[in-house]
Every structure is written in structure tokens, then in C-alpha cells.
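Remarks on the structure that follows.
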Ligand SMILES: Nc1ncnc2c1ncn2[C@@H]1O[C@H](COP(=O)(O)OP(=O)(O)O)[C@@H](O)[C@H]1O
Ligand SMILES: Nc1ncnc2c1ncn2[C@@H]1O[C@H](COP(=O)(O)OP(=O)(O)O)[C@@H](O)[C@H]1O
Ligand SMILES: [Mg+2]
Ligand SMILES: [Mg+2]
Ligand SMILES: [Mg+2]
Ligand SMILES: [Mg+2]
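Protein chains in written order, with the UniProt record's numbering: chain A, 1 to 130; chain B, 1 to 130; chain C, 1 to 204; chain D, 1 to 204.
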């Protein structure tokens, strides 16, 4: 029923459980969209690791566009470093609220929207409450 | 250094790991603020349970004001049911983005802000990216 | 409807929802997260398990118990919505042993009010309310016409296919939500169809 | 500074940061999440472990390695910031075996540029940049005055106490961030003090 979609979502958090929990929640909303997650440091401490971000990225087909969601600022800086290291890939970082924007993103990505559309919808199309 | 604060934060998610990961991330930002979490169903499935929300609420001193953050709409409906069942308590539900608003909330709650101030800051004082 | 008939209704509904578990989840896969069948099955299983324990309850208390069980067990949006509906019926039927024409009308309109409040929704939003609301209106002061009620439920369900969903997860799809029947409307149709079946069997 | 002095500098910085781990975390407790000491300790531990393996690297490659190690290991905002700073110094010092007056100036101003880009920040925001920037300016075309450099770092660090923090976690505190020295500024001060110590020891 879903159109083929070419945007994968990557969730980068300071806490592994948070990233993985987000993935689990959003994957349920559409099992066909590629959703990846990484979080925490090797030693289980709170933080983000570019090695883990890269490892997640390497799981995604290199032709697939990637929209990255992050929890707080330093995760974004690390995501930007990985983005710069992979200029050959189409990676975009979203400033949308990670869970709420991510939910919109999985829906629109599932409808076959482009990376730019998914990013815009995640940042603007999010609504909560009434 | 922190003033006494009288606002506890409660994170309600469809996924236990997500709620608990949020708690872990935010608790680091201020170990002195009361942060509670619940998520998922008894059988490990994705969903929210008013029993779990109530159990978390019961861990919080009954004089303490409670600001509830939720992930998606049906969690809010369940939180509202619990809120109605406990009219004797001061429980308010925030429509702020759960992680980003929660981060602001833990900071302002830690500075001794009132429930209304914490709610407002979480919903309006959140900024991401630049 | 007396308390025994209510129990019969709930048992039949539970069986019906179990049978249609996969169908409901598939419908929810298009508009939501694909768990509506599992959710309703989980909730009504718990209700049926409860029925054996709730032996001596009045009709009103039974409805309250059903409501709180659904709220606790369903896990998704349908939980607080169905739960509120049953609790409001229970409240409306305080002291009533046998639900008749006006009590039906009163109970169902309170249920509809509860769903609308809980879901912050109104008819036309493409949700289960689009079944509950015409069903409530199909109850008149006189004795219910179960055929009318069933057909009101059926038409309400069918009508959701053409609606742009405004509430719940499906709302994110915008115009793309058109063309799909709402899963909550379908489960509600089964609920009312089994009500009609139960009551018609009792009339014979 | 030759490659051996650079290694000495890094070793001394690592020891210094380990000594002050708790102090840095306590400072970060007031403005952030209380992990800056642990983060810097983790990062520079990994650098020191690397030094033994990176035996035959040029000064430029060594700086690059230090930078990428810090990015990988620090875990907090300081990781990409310090990491970018070292990588930019490495890039500026391509083909240079001995960093002298103008190379220092060039390397540090590239580092400052890198931090400003990475952190989307500028001086006065109450961050480590408020140490790095005056330090870069204290390097002139001639041979460095290590006393000047150390005092520029010290003054830069101290100045953060009066600033409203505009970037990083401390920014959420608004006016309440005034009265606290920025932890990243303090770790940067230690870094440059150990640079001065190392270079002054070499001069004797
Ligand atoms: N705000 C709402 N108002 C009315 N009905 C709603 C609302 N949100 C969801 N629903 C109903 O709930 C159904 C989905 O239930 P379910 O799948 O069990 O929950 P979830 O969406 O949390 O997974 C929808 O098909 C719709 O009929
Ligand atoms: N955007 C930024 N620009 C410049 N420096 C920053 C920025 N964000 C954080 N910092 C610096 O990083 C320090 C905090 O580092 P650290 O505690 O290791 O990271 P985190 O805040 O992720 O826990 C701050 O004291 C500040 O000097
Ligand atoms: Mg569902
Ligand atoms: Mg669900
Ligand atoms: Mg920190
Ligand atoms: Mg940190």
C-alpha cells in the first residue's frame, strides 16, 4: 500500500534506551520505513559517540537519504561531524522535537515524501495536544 | 545551591525504555529534581496503562505538584483519566515536546519555579539547533 | 437489557473481536500503528475474565467495571475512549436493573458525550464516535428497534471511509486518510451488532 | 614546538585534567550536567593511550589523531569542540615539524574558527571559546611569550564568570548563569597552562 520510500531516519541520543525506545515507538507506526538508532557511550555512560553514529549510518544503504534527529545540542555537533565526514551521502539534520517530529517523519516518509519534505513536515507539521 | 523545588516531572510513554531513557537523560541535568517515568504495558507491548501511570504517581509525595509529559495522544488521554481520578492532587499535563520541553522543565524546576512557570517554560522556552 | 443480557453481549463482543483481530489491526495499519485488533482483543479478554468474578454486581457497577478494565487493559487510544463510554453508561444506569427505551437513549448519549470530551472530538472526525453518535440517536424513547440500531452502526462505520481523519494517529495522514475505514468505527460496529444480536435473541 | 614537546604537552594536560576531574564536574554541575571532568578525563586518557601507538606520526598527523580521538571519546559537547580545534591545528601545520611564531598564530586562529563554526558561537557567549580566542590573539608573528599566553588564558577563563551563557546547556539558565565560571573555559585554561609549562621547560 505504501509507496517505496527512500528516506531513512536516524535517532541520535545521549542515552541508548532513549534512542532505541524512540525507534521502537516509531517503527510501530510504519514497519516499512528504515529507522535506526544510536545512543550513549561505549562504557554505558551518557553521551554521544561519533563512532556509534557512523556505525548506524553504515547500516543504511548508501543511496538512501538520511534524516537525523537528536536529543540535545552536543548530539547535534557530533552528528554534524559525521555529516561532514560523509559528504558523498545525503544526510540532513533535523531540529524538530525528536519524538514528536520523528512521528510525523515516519508517517510522511512512509507516504514516499522526499528528504526535504520529510524534514519540513517534521519541523512544522508536528502538533500535540488538541 | 538549588532552591527547594516542589514540582516533580512524570514522563509517560508508550515504550518503557523511552520513558526510562528520558528520565535518565534529564536526571543527569539535575539530580535534585524528582523525575519519574512509566511506559509500555504489563506484557511488554507498546501502549500506555493508567495502572502504571497511577503507580508512578503514588511514588510522588502527595503534596508535590506534578507536571506530566507524554509522547503521543493516547498517552495524554490516559494521563487525563488519572488526573481526573486524583482531583485532590495538583497534576498538570504539558503538551511540550517530551524530551526538549522536559529538559527545560528540569532546569527551571531545579531553580525553584512554580508548576505554572515550569509548564510555560517547557512549552515556550524550548529551543533547538541554533 | 438486564445484567445477564449485558454479560452475554460482552461475551459475544469479545468473541467477535477476537475473530476479527487481524482484520482490525490491518485496518489500523493503514491509518495508525496496526494494533487496534490486538488492543481490543486484550481489553475484552480481560473483561470476559472479569465477568466470572463480578458475579453479584448491579448492571450499573458492571458497566463501570467494564469501563475501568478497558481503560486499564486496551493500551491504545481506544482504551480511554471505550472505557469512558462504558463508565458513563454505568453512571447513567445507576439503580436501573433493566435498561429500556429512555434509559438506552440516556446511557448512549452520555457515552457519546464522554467520548467527545475524552477524545476532544466531534462527529465527522473519522473516528469511532461516528458510529456511537448515530447509534445513540437511533435509540428513541420507545422500545429500541435493533435493526435500526444495527444499520445506524453500519452506516456510521461505512461513512468513515470518505472522511478526512481529524483525530488520533490517522490525522497525520491528512487527505491521504480518505479511502480507509476507521478501525475504531469497525470495532464499534461489531460491539453494536452483537448488542442487537443479544437483544434480538432475548426477544424470541 | 616539535612533535616530542607536543606529546609532553598532551601528557601533562591529561594528568592535570585527571587531577581536576571532580572540580570540573562540580563546575559543570552548576551550569550543565556535571560531567565535564569525566568527559575530559575520558578523552585525554584515550589520547595518552594513543600516544604510544602513534609513534612515527608527523606533528600535523598527531594533532589530527588527537582531534579525532577527542571527538570519539569525550562524549559531551566538549568532544566535537576540542576535537575540531585539534584537527584544525593539525591541518594548519601540514608539513611543519617545528611550530614557531607565525605557525602558532595560524594554527590557533584556525582552531578558534573551528570552535566558532562547530559551536555556532562567538566570544562573549561564556564558553571555552572565551579562552581559546584571547589565547590565539596572544600569539604574535614573533616567538611566543608563554607568560602572556598563560595570562590571556587565565583572564579569559575568569571573564566567563560574569557572562550570561549563550551556548550549550548553561544557556537554559539565562541570567542565572551569571556567577559561575564555565567548566570548558577552565579545562581550556589548564590545557594552555600546560602548554606554557611544557614550552618553558624546553627553553631552559
Ligand atoms: N482523539 C480521538 N477521538 C476519538 N476517537 C479516537 C481518537 N483517537 C483515536 N481514536 C479512535 O481510536 C482508534 C485507534 O485505537 P487504537 O489503535 O487501539 O489506539 P492507538 O491509536 O493508540 O494505537 C481509531 O481508529 C479511532 O477510532
Ligand atoms: N555551542 C557551544 N559552543 C562553544 N562551547 C560550548 C558549546 N556547548 C558547550 N560548550 C562548552 O562545552 C562545555 C561543556 O562540555 P561537556 O560538559 O563535556 O559537554 P555537555 O554539555 O554535552 O555535557 C561548556 O562548559 C562550554 O565551554
Ligand atoms: Mg492503533
Ligand atoms: Mg497503539
Ligand atoms: Mg556536561
Ligand atoms: Mg554531558
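Glycine included, C-beta positions come from ideal geometry on N, C-alpha and C.
Distance CB(residue i)-CB(residue j) smaller than 9 angstroms
{"i": "residue 79 (chain D)", "j": "residue 74 (chain A)", "result": "yes"}
{"i": "residue 15 (chain A)", "j": "residue 63 (chain B)", "result": "no"}
{"i": "residue 44 (chain C)", "j": "residue 67 (chain C)", "result": "no"}
{"i": "residue 127 (chain C)", "j": "residue 165 (chain C)", "result": "yes"}
{"i": "residue 138 (chain D)", "j": "residue 148 (chain D)", "result": "yes"}
{"i": "residue 8 (chain B)", "j": "residue 96 (chain B)", "result": "no"}
{"i": "residue 32 (chain C)", "j": "residue 22 (chain C)", "result": "no"}
{"i": "residue 104 (chain B)", "j": "residue 122 (chain B)", "result": "yes"}
{"i": "residue 125 (chain D)", "j": "residue 27 (chain D)", "result": "no"}
Supposed contact pair residue j and residue i - C-beta distance, whole angstroms, cut 8 angstroms
{"i": "residue 197 (chain D)", "j": "residue 98 (chain D)", "result": "Contact flag wrong, Cβ pair sits at about 19 angstroms."}
{"i": "residue 111 (chain C)", "j": "residue 132 (chain C)", "result": "6 angstroms"}
{"i": "residue 82 (chain A)", "j": "residue 29 (chain A)", "result": "Not confirmed; about 26 angstroms, so no contact."}
{"i": "residue 115 (chain A)", "j": "residue 67 (chain A)", "result": "6 angstroms"}
{"i": "residue 119 (chain C)", "j": "residue 167 (chain C)", "result": "6 angstroms"}
{"i": "residue 142 (chain D)", "j": "residue 101 (chain D)", "result": "5 angstroms"}
Beta-carbon neighbours of residue i, restricted to chain A and to distances below 9 angstroms
{"i": "residue 118 (chain D)", "result": "77, 80 and 81"}
Limits of the unbroken beta strand (DSSP E) element including residue i
{"i": "residue 41 (chain A)", "result": "Note, residue 41 (chain A): premise wrong, no beta strand (DSSP E); not H, not E."}
{"i": "residue 9 (chain B)", "result": "7-13"}
{"i": "residue 93 (chain B)", "result": "91-94"}
Residue interval of the alpha helix (DSSP H) (run including residue i)
{"i": "residue 135 (chain A)", "result": "Beyond the ends of chain A as shown, which are 1 and 130, falls residue 135 (chain A); an answer cannot be given."}
{"i": "residue 104 (chain D)", "result": "101-119"}
{"i": "residue 20 (chain C)", "result": "No alpha helix (DSSP H) contains residue 20 (chain C), which DSSP labels as neither H nor E."}
{"i": "residue 186 (chain D)", "result": "183-203"}
{"i": "residue 260 (chain D)", "result": "No information on residue 260 (chain D) is available, as it lies outside the stretch 1 to 204 that chain D covers here."}
{"i": "residue 87 (chain A)", "result": "Per DSSP, residue 87 (chain A) belongs to no alpha helix (DSSP H) and is neither H nor E."}
{"i": "residue 148 (chain D)", "result": "146-159"}
{"i": "residue 27 (chain A)", "result": "16-29"}
{"i": "residue 126 (chain C)", "result": "No alpha helix (DSSP H) holds residue 126 (chain C); DSSP gives it neither H nor E."}
{"i": "residue 63 (chain D)", "result": "59-73"}
Residue i (DSSP reduced to helix, strand or coil)
{"i": "residue 65 (chain A)", "result": "strand"}
{"i": "residue 138 (chain B)", "result": "Because chain B is modelled from 1 through 130, residue 138 (chain B) falls outside the range shown and cannot be assessed."}
{"i": "residue 178 (chain C)", "result": "coil"}
{"i": "residue 70 (chain B)", "result": "strand"}
{"i": "residue 164 (chain D)", "result": "coil"}
{"i": "residue 58 (chain B)", "result": "helix"}
{"i": "residue 115 (chain A)", "result": "helix"}
{"i": "residue 139 (chain D)", "result": "coil"}
{"i": "residue 50 (chain B)", "result": "helix"}
{"i": "residue 170 (chain C)", "result": "helix"}
{"i": "residue 93 (chain C)", "result": "coil"}
{"i": "residue 128 (chain B)", "result": "coil"}
{"i": "residue 133 (chain D)", "result": "helix"}
{"i": "residue 83 (chain D)", "result": "helix"}
{"i": "residue 2 (chain A)", "result": "Confidence at residue 2 (chain A) is low in this model, with a pLDDT of 38, below 50, so the placement of that residue should be treated as unreliable; the coordinate-derived value is given next. It is coil, neither helix nor strand."}
{"i": "residue 30 (chain D)", "result": "helix"}
{"i": "residue 81 (chain A)", "result": "helix"}
{"i": "residue 56 (chain D)", "result": "coil"}
{"i": "residue 32 (chain A)", "result": "coil"}
{"i": "residue 122 (chain B)", "result": "helix"}
{"i": "residue 5 (chain C)", "result": "helix"}
{"i": "residue 98 (chain C)", "result": "coil"}
{"i": "residue 77 (chain C)", "result": "coil"}
Amino acids of chain C, ordered along the chain, whose beta-carbon sits closer than 9 angstroms to that of residue i
{"i": "residue 111 (chain A)", "result": "173 and 176"}
Contacts that residue i makes with chain C (C-beta to C-beta distance below 7 angstroms)
{"i": "residue 49 (chain B)", "result": "72 and 75"}
{"i": "residue 41 (chain B)", "result": "75"}
{"i": "residue 45 (chain B)", "result": "75"}
{"i": "residue 94 (chain B)", "result": "Neighbours of residue 94 (chain B) on chain C: none; closest Cβ ~16 angstroms, over 7 angstroms."}
Partners in chain A for residue i, counting only beta-carbon separations shorter than 8 angstroms
{"i": "residue 34 (chain C)", "result": "28 and 31"}
{"i": "residue 67 (chain D)", "result": "Going along chain A, no residue has its Cβ under 8 angstroms from residue 67 (chain D), so there is no contact; the nearest lies around 10 angstroms."}
Per-residue contacts from residue i into chain F (C-beta, under 7 angstroms)
{"i": "residue 15 (chain B)", "result": "The chain inventory of the structure shown lacks chain F, comprising the protein chains A, B, C and D."}
Closer than 7 angstroms at the beta carbon, the chain D residues around residue i
{"i": "residue 107 (chain B)", "result": "172 and 173"}
9 angstroms Cβ cut-off: residues of chain B touching residue i
{"i": "residue 169 (chain D)", "result": "29, 103 and 107"}
Interface partners of residue i on chain A, CB under 7 angstroms
{"i": "residue 71 (chain B)", "result": "25 and 99"}
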